[in-house]
Amino acid sequence: MNSLRVFFVGGVMSYRALFNWINPWVFVPHTLGYPIFEILFFAYLGRFAGVQSDKFFLIGNAFMAIAMTGFFGMGNAIGGERRSQTLATLLASPANRFALFLGRAVPSVLTGLVVSATAFSVCRVILGVHFHPSELGGLVVAALVASFACTSFGLCLGALGLRGRSVSLFADMIGGSMLLLSGANVPFDRLPGAVQALGRLLPLTHGIAAGRELGAGASLGAVSGLLGTEALVGCVYFGIGVVMLRVLEFEGRRSATLETF
Amino acid sequence: MIRAFVSGMRIHVVQFSRNPFDLSGVFLWPILYASIAYYLLDAKNDPRLLLAASLGAAVMLMWSLVVIGSSNALENQRWLGTLELLVAAPVPFAVVIAPICVASGFVGGYGIAATLAWGRLIYHVPLSIDHPVAFAVALPACILAIGMLGLVMASTFVLYRAAFSLGIALQYPVWIATGLLVPLSTLPAFVRWIGWFLGPYWGFRAIRESALGSAPWPDIGMCIAVSAAYFVVGTLCLRVFVRVARARGSLKLT
Numbered sequence: 000m001n002s003l004r005v006f007f008v009g010g011v012m013s014y015r016a017l018f019n020w021i022n023p024w025v026f027v028p029h030t031l032g033y034p035i036f037e038i039l040f041f042a043y044l045g046r047f048a049g050v051q052s053d054k055f056f057l058i059g060n061a062f063m064a065i066a067m068t069g070f071f072g073m074g075n076a077i078g079g080e081r082r083s084q085t086l087a088t089l090l091a092s093p094a095n096r097f098a099l100f101l102g103r104a105v106p107s108v109l110t111g112l113v114v115s116a117t118a119f120s121v122c123r124v125i126l127g128v129h130f131h132p133s134e135l136g137g138l139v140v141a142a143l144v145a146s147f148a149c150t151s152f153g154l155c156l157g158a159l160g161l162r163g164r165s166v167s168l169f170a171d172m173i174g175g176s177m178l179l180l181s182g183a184n185v186p187f188d189r190l191p192g193a194v195q196a197l198g199r200l201l202p203l204t205h206g207i208a209a210g211r212e213l214g215a216g217a218s219l220g221a222v223s224g225l226l227g228t229e230a231l232v233g234c235v236y237f238g239i240g241v242v243m244l245r246v247l248e249f250e251g252r253r254s255a256t257l258e259t260f
Numbered sequence: 000m001i002r003a004f005v006s007g008m009r010i011h012v013v014q015f016s017r018n019p020f021d022l023s024g025v026f027l028w029p030i031l032y033a034s035i036a037y038y039l040l041d042a043k044n045d046p047r048l049l050l051a052a053s054l055g056a057a058v059m060l061m062w063s064l065v066v067i068g069s070s071n072a073l074e075n076q077r078w079l080g081t082l083e084l085l086v087a088a089p090v091p092f093a094v095v096i097a098p099i100c101v102a103s104g105f106v107g108g109y110g111i112a113a114t115l116a117w118g119r120l121i122y123h124v125p126l127s128i129d130h131p132v133a134f135a136v137a138l139p140a141c142i143l144a145i146g147m148l149g150l151v152m153a154s155t156f157v158l159y160r161a162a163f164s165l166g167i168a169l170q171y172p173v174w175i176a177t178g179l180l181v182p183l184s185t186l187p188a189f190v191r192w193i194g195w196f197l198g199p200y201w202g203f204r205a206i207r208e209s210a211l212g213s214a215p216w217p218d219i220g221m222c223i224a225v226s227a228a229y230f231v232v233g234t235l236c237l238r239v240f241v242r243v244a245r246a247r248g249s250l251k252l253t
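Sequences listed follow chains A and B, in order.
In terms of numbering that gives the first Met the number 0, the first sequence opens at residue 0 and continues consecutively.
In terms of numbering that gives the first Met the number 0, the second sequence opens at residue 0 and continues consecutively.
#1: Could you tell me whether the Cβ of A/M172 comes closer than 8 Å to any Cβ of chain B?
#2: Taking the alpha-carbon positions, what's the B/H130 to B/A214 distance?
#3: One question on the structure: do A/Q51 and A/P191 come within less than 8 Å of each other, judged by their Cβ atoms?
#4: Measuring straight from C-alpha to C-alpha, what distance separates A/R245 and A/R103?
#5: Return the chain-ordered list of same chain residues with a C-beta closer than 7 Å to the C-beta of A/C149, the five sequence neighbours on each side being excluded.
#6: In angstroms with no decimal places, state the Cα-to-Cα distance between A/Q195 and B/L180.
#7: DSSP three-state label for A/R252, please.
#8: Just the C-alpha distance for B/I219 and A/R46, rounded to the nearest angstrom, thanks.
#9: At which residues does the alpha helix (DSSP H) containing B/Y38 begin and terminate?
#10: Within the continuous alpha helix (DSSP H) that includes B/P217, where are the two ends?
#11: Given a threshold of 16 other Cβ atoms within 10 Å of its Cβ, counted over all protein chains shown, does B/I1 qualify as buried or as exposed?
#12: What does the alpha-carbon distance come out to for the pair B/S249 and A/G227?
#13: Can you pull the chain A neighbours of B/V181, defined as C-beta to C-beta under 7 Å?
#14: Kindly indicate the opening and closing residues of the alpha helix (DSSP H) around B/Y159.
#15: Indicate the three-state DSSP secondary structure (helix, strand or coil) for B/A113 in the structure shown.
#16: Relative to chain B, which residues along the segment 144 to 169 of chain A have a C-beta separation below 9 Å, given in chain order?
#17: For B/A112, count neighbouring Cβ atoms within 10 angstroms of its own Cβ and tell me buried if that reaches 16, exposed if not.
#18: Measuring only between beta-carbons, confirm whether A/V185 sits less than 8 Å from chain B.
#19: Listing by chain order, which chain B residues have their CB less than 9 Å from the CB of A/F36?
#20: Using CA coordinates, which residue listed in B/P187, B/P182, B/S209, B/G178 is at the minimum distance from B/Y200?
#21: Going straight from the alpha carbon of A/A158 to that of A/G238, what length do you get?
#22: Give me the chain B residues within the contact set of A/R189, using Cβ-Cβ distance strictly less than 9 Å, ordered along the chain.
#23: Which of the three DSSP states is assigned to A/D171 in this structure?
#24: Just to confirm my understanding: we take A/C234, look at its own chain, exclude 5 residues before and 5 after, and list those with CB closer than 8 Å. What are they?
#25: Is A/K54 helix, strand or coil by DSSP?
#26: Taking a contact to mean a Cβ-Cβ separation below 8 Å, would you say B/I30 touches B/T114 in this structure?
#27: What is the residue span of the alpha helix (DSSP H) that B/R191 lies within?
#28: Give every residue of the same chain whose Cβ lies closer than 6 Å to the Cβ of A/G163, excluding the five residues on either side of it in the sequence, and list them in chain order.
#29: Determine the burial state of B/W62: buried for a count of at least 16 other Cβ atoms within 10 Å of its Cβ, exposed for fewer.
#30: At the level of alpha carbons, what is the spacing between A/V27 and A/Y14?
#31: In the segment 19 to 36 of chain B, which residues sit with their C-beta less than 9 Å from some C-beta in chain A, listed in chain order?
#32: Give a yes or no on whether the minimum CB-CB distance between B/S164 and chain A is below 8 Å.
Okay, here's the thing in structure tokens:
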């Protein structure tokens, strides 16, 4: 019960604190502007290269928006505490670590889903891409599974924040690499074999593939293998992330690095 | 003022180059965007197109470093409590901020070396620079033009305490409007006109034209002209925005 309280109250307070730092009138256009322009950038690059359709880039980059908030939500949950010098105090409390940090990350992840859906809708109109309502329903399911996998991966990145101080930069670099490795912007078969193998071990890759098939009219049953693999990848990273949280907190205490930034 | 500018440049170039982890991003990002362009364009028979893509990816990084680096540097000054001291210094504030912006662009120059080396080693893109002298002049002219546009942006960062977010949000719009990877001919007509007012557009043209053998000198001249214009506008904006920030007492807010 106490963990649930930490999860909900901590999460709500953390999200409210965000708007103490940044005005919503600035936050909203900034948060929406980045994914919208990212989708447009790659869609126009694809048009110039004569590779794939606008739909390919629209789906790939809308999923990227989900991934980024999953990575950053967890990464910043811990990195933000370090920056505001409250990490040591927080870790001195007996609260459940998982509830503590997940509570801070979930509002960001939900925001990411809303942002991704809005960017998707805006760019769909700008680029003139059409979807059948049933295709959109399938895309929502794929997006939720991809969001879980990316947040689990973000848990691993966030745990690194207990030991290191440049986690946001690291998450940014990993997120950037996903533009290529996940096949969000390059047809997977054009990538070298080693890059494809690496991409398959990462979250999002199977989610994007499923999303593209659903966007092309496939049924949920037809992509269940891809969605199952994406969920499995998420579960594996979730397990690794929980272990990392425990080990790296101990390491951070032992090496007295919790307050460095 | 020249001494303040030069020592500011030196300090910020050293500071930006100090952390190997931070620096790894300088090499990763342009390589990443160039790789996406290589795989998408698949232009094995048109190595000049790939070279142009490499240069475009490197200029993209330059702009990102200027706009994010300068906003981050200002935010750090706020957090460290030194922004007020810098504003109160007898040296004009523009001379304090300009080196941060130009130094960010300078560090972005590492990205050009990294992208060209990556393209050569992995994708066998020939490194033939048609006008080496013009290229040597175009590179600092491009850094200056992008850095001075950063100065105009930095003036708003003084007023706005969530500067870092604004810096991040401004990356893609400028990449699109200046045709760094996506040719402007593929974009709606009104976007083409926006690029004319942006330093990265002229900087990229200057570098590309000097590397790929057309007429680089007019574009280099435009780099210098827009840099001068940005400096005037940036200085005026800084003066006004610093006064507003002082009146509101918001310089110290983190």
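Positions of the beta carbon are idealized from the N, C-alpha and C atoms, including for glycine.
Predicted model, so just to flag it, every value in this text is computed and none were measured.
Reading it off the structure:
#1: yes
#2: 9 Å
#3: no
#4: 17 Å
#5: I65, A66, G69, F70, P202, L203
#6: 24 Å
#7: helix
#8: 30 Å
#9: 19 to 40
#10: 216 to 247
#11: exposed
#12: 51 Å
#13: F40, Y43, L44, F47
#14: Unbroken run through B/Y159: none, as it is neither H nor E.
#15: helix
#16: G163, S165, L168, F169
#17: exposed
#18: yes
#19: A168, Q170, Y171, P172, W174, I175
#20: B/G178
#21: 12 Å
#22: Y38, L39, D41
#23: helix
#24: S151
#25: helix
#26: yes
#27: 188 to 194
#28: none
#29: buried
#30: 14 Å
#31: F20, D21, S23, G24, L27, W28, L31, Y32, S34, I35, A36
#32: yes
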